[in-house]
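Asker: Which chain is which? The protein sequence lines are E and A, in order. Taking the numbering used here, the leading residue of the first sequence gets 54, the next gets one more, and so forth. Taking the numbering used here, the leading residue of the second sequence gets 54, the next gets one more, and so forth. Ideal placement from N, C-alpha and C gives every residue a C-beta, glycine not left out.
2 protein chains.
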Amino acid sequence: MREAGAGRGDRVGAVAEEASGAVGTRQERKRRTRQALLDSALRLLADTSLAGLSLREVTREAGIVPTAFYRHFPSIGELGVALVEESMRTLRAMLRSARRKPADDAIRGSVAILVQQVGRSPSHFRFLIRERYGGVAEVRKSIAGELRLLGSELATDLARYPGMADWDADDLRMVADLMVGAMLSVVTALLDVSGDPRAEAEVVSVAEQQLRLIALGMAHWRRP
Amino acid sequence: MREAGAGRGDRVGAVAEEASGAVGTRQERKRRTRQALLDSALRLLADTSLAGLSLREVTREAGIVPTAFYRHFPSIGELGVALVEESMRTLRAMLRSARRKPADDAIRGSVAILVQQVGRSPSHFRFLIRERYGGVAEVRKSIAGELRLLGSELATDLARYPGMADWDADDLRMVADLMVGAMLSVVTALLDVSGDPRAEAEVVSVAEQQLRLIALGMAHWRRP
DNA sequence: CTTTTCAGTGTACGCACGTTCACTGAAATT
DNA sequence: AATTTCAGTGAACGTGCGTACACTGAAAAG
Numbered sequence: 054m055r056e057a058g059a060g061r062g063d064r065v066g067a068v069a070e071e072a073s074g075a076v077g078t079r080q081e082r083k084r085r086t087r088q089a090l091l092d093s094a095l096r097l098l099a100d101t102s103l104a105g106l107s108l109r110e111v112t113r114e115a116g117i118v119p120t121a122f123y124r125h126f127p128s129i130g131e132l133g134v135a136l137v138e139e140s141m142r143t144l145r146a147m148l149r150s151a152r153r154k155p156a157d158d159a160i161r162g163s164v165a166i167l168v169q170q171v172g173r174s175p176s177h178f179r180f181l182i183r184e185r186y187g188g189v190a191e192v193r194k195s196i197a198g199e200l201r202l203l204g205s206e207l208a209t210d211l212a213r214y215p216g217m218a219d220w221d222a223d224d225l226r227m228v229a230d231l232m233v234g235a236m237l238s239v240v241t242a243l244l245d246v247s248g249d250p251r252a253e254a255e256v257v258s259v260a261e262q263q264l265r266l267i268a269l270g271m272a273h274w275r276r277p
Numbered sequence: 054m055r056e057a058g059a060g061r062g063d064r065v066g067a068v069a070e071e072a073s074g075a076v077g078t079r080q081e082r083k084r085r086t087r088q089a090l091l092d093s094a095l096r097l098l099a100d101t102s103l104a105g106l107s108l109r110e111v112t113r114e115a116g117i118v119p120t121a122f123y124r125h126f127p128s129i130g131e132l133g134v135a136l137v138e139e140s141m142r143t144l145r146a147m148l149r150s151a152r153r154k155p156a157d158d159a160i161r162g163s164v165a166i167l168v169q170q171v172g173r174s175p176s177h178f179r180f181l182i183r184e185r186y187g188g189v190a191e192v193r194k195s196i197a198g199e200l201r202l203l204g205s206e207l208a209t210d211l212a213r214y215p216g217m218a219d220w221d222a223d224d225l226r227m228v229a230d231l232m233v234g235a236m237l238s239v240v241t242a243l244l245d246v247s248g249d250p251r252a253e254a255e256v257v258s259v260a261e262q263q264l265r266l267i268a269l270g271m272a273h274w275r276r277p
């Protein structure tokens with residue numbers, strides 16, 4: 054949703070040069086500038102990593118003066134942590150979406166939702182994948198923590214499936230982690246083929262097969 | 054192997070302050086300085102990413118003057134590509150090692166080899182994982198290409214397994230990619246728990262279960 | 001209406017960076 | 001023995017960086 058606004062112009066200063074900069078209460082305007090900083094950073098992060106991103110670049114892109122940055126974040130690293138939270142909201146929305154679906158074919162449905170969400174906010178996914186093992190320790194830590202939580206959520210979701218009532222917590226967690234890993238692989242592949250529908254269809258097909266193979270393993274787990 | 058030399062001292066300039074700097078033919082000394090640059094970079098990359106690494110830092114760590122860097126690499130990015138090649142040699146050595154083993158329990162054996170190799174040269178693995186989606190485009194490209202090759206190698210290896218003679222190329226490739234992805238997940242987990250034997254044992258146990266689940270899926274693939 | 005708050009401004013600073021260039025001196029070539 | 005090659009040196013440059021500081025002016029609080 055955010056993403057759409059950010060991707061539109063690409064050259065636009067996000068605050069100073071727009072009419073919206075002059076309206077609203079003080080805290081509303083501050084919130085908007087903060088968001089402009091986040092959007093600008095995300096846009097620039099398509100080309101480099103957080104470690105290679107300068108405070109001045111970000112403020113330039115956002116259309117404010119460098120020193121004003123400190124009114125919103127104490128450092129680029131902290132802005133990174135805020136971006137993790139924002140991106141994770143996108144990821145959670147995805148999980149919620151998958152949960153809502155009744156899903157006659159759960160695998161096909163899940164992959165479709167994944168494709169849809171990655172298409173909707175590619176920058177968020179790219180950011181998470183790039184910075185997960187990136188050069189900024191606090192951001193790595195933040196992402197690791199959030200992904201651990203995501204794994205737990207997925208594990209409880211799995212527990213509700215009909216055939217899995219008798220699975221113990223450790224096995225659920227093990228499978229959930231395998232699926233999160235596979236999911237991140239797919240996201241990566243999707244970002245790589247972005248814009249090529251034929252290649253995307255191939256990625257989707259392979260992803261579905263891989264998940265189906267995992268599901269097959271689950272069906273025979275501890276009952277030979 | 055390389056790794057051991059680099060990890061030994063940690064504070065040492067690798068060329069200027071060592072006796073070895075004064076012996077050997079000209080091309081031999083050049084080779085040694087080049088290696089010192091690679092080692093120094095790898096050491097510094099434990100803390101940051103390639104994008105956040107400066108030419109001057111690397112030369113300082115290696116014990117040479119900044120301008121001498123250009124005698125060996127045109128840019129930090131090119132040094133990064135060289136590091137990819139070096140790190141990939143480690144990865145390939147691992148695959149070869151796994152191939153040599155007769156393996157009564159192939160899964161347990163493979164995971165053990167993985168643990169061993171990651172323990173032997175953690176920096177190489179950390180580098181590959183960090184820069185795979187890092188901020189330097191040429192390095193990303195280089196790693197992607199090498200990993201694709203690795204997937205092909207693994208696919209041909211799989212084809213030689215007894216039960217898989219009738220698998221077609223696409224399915225082999227699909228499984229191989231799934232396994233490479235799982236492998237990289239395990240490496241990541243191993244690097245995170247580095248130094249804690251109890252946590253490492255847990256990672257190994259989960260990894261073995263995950264691979265076993267995949268194997269179970271393979272056993273029932275297209276024969277219900 | 002007066003005072004306070006505070007997001008954003010503009011200048012100025014010291015510093016580390018990448019890169020240039022002319023150089024040195026020992027190894028390699030002749 | 002004379003000449004050429006070339007890895008490594010050292011000074012110098014312009015640039016972009018993070019951050020400090022005093023400021024402005026409109027919104028919020030009194």
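1) Do we get a CB-CB distance below 8 Å when we pair residue 177/E with the residues of chain A?
2) Return the CA-CA distance between residue 219/E and residue 231/E, expressed in angstroms with no decimal places.
3) Kindly indicate which three-state DSSP category residue 130/E falls into: helix, strand or coil?
4) Taking only beta-carbon positions, decide if residue 186/A is within less than 8 Å of chain E.
5) Near residue 146/A, what residues of its chain come up, given a Cβ to Cβ distance below 8 Å and the 5 sequence neighbours on each side ignored?
6) When you compare only the Cα positions, how much space is there between residue 88/E and residue 105/A?
7) Look at residue 212/A and residue 225/A and say whether their C-beta atoms are less than 8 Å apart.
8) Near residue 136/A, what residues of its chain come up, given a Cβ to Cβ distance below 7 Å and the 5 sequence neighbours on each side ignored?
9) At what residues does the alpha helix (DSSP H) containing residue 177/A begin and finish?
10) Of all Cβ atoms in chain E, is any one closer than 8 Å to the Cβ of residue 220/A?
11) Comparing C-alpha positions only, which one of 164/A, 229/A, 175/A and 159/A sits nearest to residue 139/A?
12) What's the gap between the Cα of residue 257/E and the Cα of residue 250/E?
13) Find the nearest neighbour of residue 102/E within the set 113/E, 240/E, 182/E and 126/E, judged by alpha-carbon distance.
14) Taking all protein chains shown into account, do 16 or more other C-beta atoms lie within 10 angstroms of the C-beta of residue 120/A, making it buried, or fewer, making it exposed?
15) Could one say the Cβ of residue 143/A lies closer than 8 Å to chain E's Cβ atoms, at least one of them?
16) Using a 10 Å radius around the Cβ and a threshold of 16 neighbouring Cβ atoms, would you call residue 260/E buried or exposed?
17) Would you identify the three-state DSSP class for residue 105/E, choosing helix, strand or coil?
18) Please confirm if residue 263/A has its CB atom under 8 Å from at least one CB of chain E.
19) Figure out for me which residue from 205/E, 228/E, 237/E and 84/E has the closest Cα to the Cα of residue 267/A.
20) Whose C-alpha, out of 78/A, 113/A and 109/A, is nearest the C-alpha of residue 128/A?
21) Classify residue 112/A as helix, strand or coil using the three-state DSSP reduction.
22) Report yes if the CB atom of residue 270/A is closer than 8 Å to the CB atom of residue 243/E, and no otherwise.
23) Just the Cα atoms here: how many angstroms apart are residue 118/E and residue 112/E?
24) For residue 122/E, which residues from the same chain have a beta carbon less than 6 Å from its beta carbon, with the 5 sequence-adjacent residues on both sides left out?
25) On the premise that residue 233/E lies in contact with residue 200/E, defined as a C-beta separation below 8 Å, what is that separation, rounded to the nearest angstrom?
26) Using alpha carbons as the reference points, say which of 159/A, 247/A and 196/A lies closest to residue 210/A.
27) Applying a beta-carbon distance threshold of less than 7 Å, which residues of chain E neighbour residue 238/A?
28) Run down chain E in chain order and give the residues with a C-beta less than 8 Å from the C-beta of residue 183/A.
29) Rounded to a whole number of angstroms, what is the C-alpha to C-alpha distance between residue 275/E and residue 217/E?
30) Could one say the Cβ of residue 253/A lies closer than 8 Å to chain E's Cβ atoms, at least one of them?
31) Can you find the residues in the same chain that come closer than 6 Å, C-beta to C-beta, to residue 252/E, ignoring five residues on each side of it along the sequence?
32) Residues of chain E with CB under 9 Å from residue 271/A, in chain order?
33) Where does the unbroken alpha helix (DSSP H) through residue 194/A begin, and where does it stop?
34) From the DSSP output, in three-state form, read off residue 221/E for me.
35) By the criterion of Cβ-Cβ separation under 7 Å, what are the contact partners of residue 227/A in chain E?
Answerer: Result, derived from the coordinates:
1) no
2) 19 Å
3) helix
4) yes
5) 170
6) 25 Å
7) yes
8) 91, 94, 95 and 180
9) 175-184
10) no
11) 175/A
12) 10 Å
13) 182/E
14) exposed
15) no
16) buried
17) helix
18) yes
19) 228/E
20) 109/A
21) helix
22) no
23) 6 Å
24) 108 and 112
25) 7 Å
26) 159/A
27) 234
28) 186, 187 and 188
29) 12 Å
30) no
31) 246
32) 266, 269 and 270
33) 190-212
34) coil
35) 259, 262 and 263
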